[in-house]
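The block underneath contains the structure these notes are about, expressed in structure tokens.
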Amino acid sequence: MEIRNSVALVTGANGGIGKHYIEVLRVMGATRIYAGARNPNSLSDLVALDPQRIIPILLDITDEESVSAAASKYTDLTLLINNAGIGLLKGFISATDLKSARAEMEVNYFGTLAISRAFAPILKANGGGAIINMLSILGKVNFPINASYCASKAAAILMTQGVRAELAAQGTLVVGVMPATVDTEVSKNFPPPKVSPEVVAKEALQAVIDLVEDVYPGEQAKEMAAQLLKDPKALEKMMATMLPR
Ligand SMILES: NC(=O)c1ccc[n+]([C@@H]2O[C@H](COP(=O)([O-])OP(=O)(O)OC[C@H]3O[C@@H](n4cnc5c(N)ncnc54)[C@H](OP(=O)(O)O)[C@@H]3O)[C@@H](O)[C@H]2O)c1
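Letter by letter, the sequence shown follows residues 7 to 251 in our numbering.
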């Protein structure tokens with residue numbers, strides 16, 4: 007699949023990585039880019055880059071009505087980029103209650119699933135197209151400081167595999183993107199190395215062109231993925247030293 011002439015939707019378009027998806031899609035020649043946000047007013051600078059092609063849309067992926075309204079309006083979609091996500095930096099046991107764990111599941115797992123379900127028939131009608139899911143290498147090994155986030159991304163990784171299997175017959179490519187630390191506001195207190203959000207967007211979109219299903223953008227994610235194959239227990243033990251306060 008080519009990015010040129012695609013019609014894309016990016017969820018969480020006003021976020022640190024979302025903005026770069028929009029910009030890279032623009033440079034790569036997407037025909038139309040729907041920029042989804044809970045507050046479309048936050049997208050004015052982004053839309054100003056190319057108001058003809060970047061269309062701000064109201065979209066909360068945890069709100070059924072918002073999701074179905076988007077799917078009934080944007081029927082020309084060929085590329086869905088499930089980028090919206092939250093990580094609330096809570097431990098499993100040290101968190102005072104289950105609110106954060108539930109909220110992370112609601113956005114990262116159920117929200118991503120809901121929008122994929124809503125747009126799957128549209129992608130089929132438009133020839134197959136592709137879905138990119140922003141996952142995390144932390145869906146493969148727990149980082150206790152952001153423990154319940156990791157569980158929600160683990161659920162999203164398995165959901166990505168299942169959606170890929172179910173949509174293969176309609177010709178929809180489903181790409182899972184699993185970075186380590188990305189240089190955005192949410193990771194400002196994490197130590198380096200950090201991959202730039204622009205590199206994440208570029209590697210993910212290149213994977214669509216090259217028909218690659220699993221993407222580990224940046225060196226840190228690639229090293230962790232290799233370590234997970236070689237000695238997953240050693241990585242788990244190393245991560246286990248980083249506990250929530
Ligand atoms: N930064 C990292 O180190 C890193 C590493 C691996 C994976 N990721 C993943 O990459 C994605 C983007 O992360 P980021 O660093 O760009 O984070 P970010 O700057 O916090 O952006 C997240 C975006 O998701 C949106 N969002 C949250 N809940 C939503 C909902 N219910 N409906 C629609 N949009 C919603 C936010 O919108 P509001 O402005 O309305 O809150 C925001 O635009 C996430 O899925 C994240 O888990 C990030």
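The beta carbon of each residue, even a glycine, is placed where N, CA and C say it ideally should be. Every value quoted in this text rests on a predicted model; they were computed, and no experiment measured them.
Looking at residue j and residue i, is the spacing between their C-beta atoms short of 8 Å?
i	j	result
leucine 49	alanine 36	no
valine 188	proline 203	yes
glycine 18	glycine 91	yes
valine 218	glycine 93	no
leucine 164	isoleucine 87	no
phenylalanine 149	methionine 245	yes
alanine 109	alanine 101	no
methionine 34	glycine 135	no
leucine 211	isoleucine 28	no
Is it right to say residue i is buried, meaning 16 or more other beta carbons lie within 10 angstroms of its own, or is it exposed?
i	result
methionine 184	buried
threonine 2	What the structure shows of the chain is the stretch from 7 to 251, and residue 2 is not part of that stretch, so it cannot be assessed.
leucine 104	exposed
isoleucine 99	exposed
glutamate 209	buried
serine 78	exposed
asparagine 47	exposed
alanine 126	buried
proline 238	exposed
lysine 25	buried
proline 197	exposed
alanine 171	exposed
proline 57	exposed
alanine 131	exposed
alanine 175	exposed
asparagine 20	buried
leucine 31	buried
Leaving aside the five residues before and after residue i along the sequence, list all residues of the same chain whose C-beta is less than 7 Å from its C-beta, in chain order.
i	result
isoleucine 23	Asn89, Met140, Val188, Thr190, Pro203, Val206, Ala207
serine 12	Ala36, Thr37, Thr84, Leu85
leucine 95	Ile151, Asn152
leucine 119	Met165
valine 73	Ile67, Ala120, Ile121, Ala124
Within its chain, find whatever has a CB closer than 8 Å to the CB of residue i; leave out the 5 residues flanking it on each side and keep chain order.
i	result
glycine 261	This structure gives no information on residue 261, because the portion of the chain shown stretches from 7 to 251.
isoleucine 61	Arg38, Ile39, Tyr40, Ala41, Val53
glutamate 242	Val147, Asn148
arginine 59	Arg32, Ala36, Thr37, Arg38, Ile39
Any heavy atom of ligand 2 inside 7 Å of the beta-carbon of residue i?
i	result
proline 185	Ligands displayed in this structure: ligand 1; ligand 2 is not among them.
Just to confirm my understanding: we take residue i, look at its own chain, exclude 5 residues before and 5 after, and list those with CB closer than 6 Å. What are they?
i	result
glutamine 233	Leu241
isoleucine 128	Thr81, Leu83
glutamine 226	Ala186, Pro199
leucine 249	Pro150
valine 169	Ser122, Val180
leucine 64	Pro46
Across the stretch 134-152 and the stretch 176-183, are there enough close Cβ pairs to call them in contact, namely three or more that are closer than 8 Å? yes
I want to know whether the stretch 107-122 touches the stretch 154-162 - three or more CB-CB distances under 8 Å. yes
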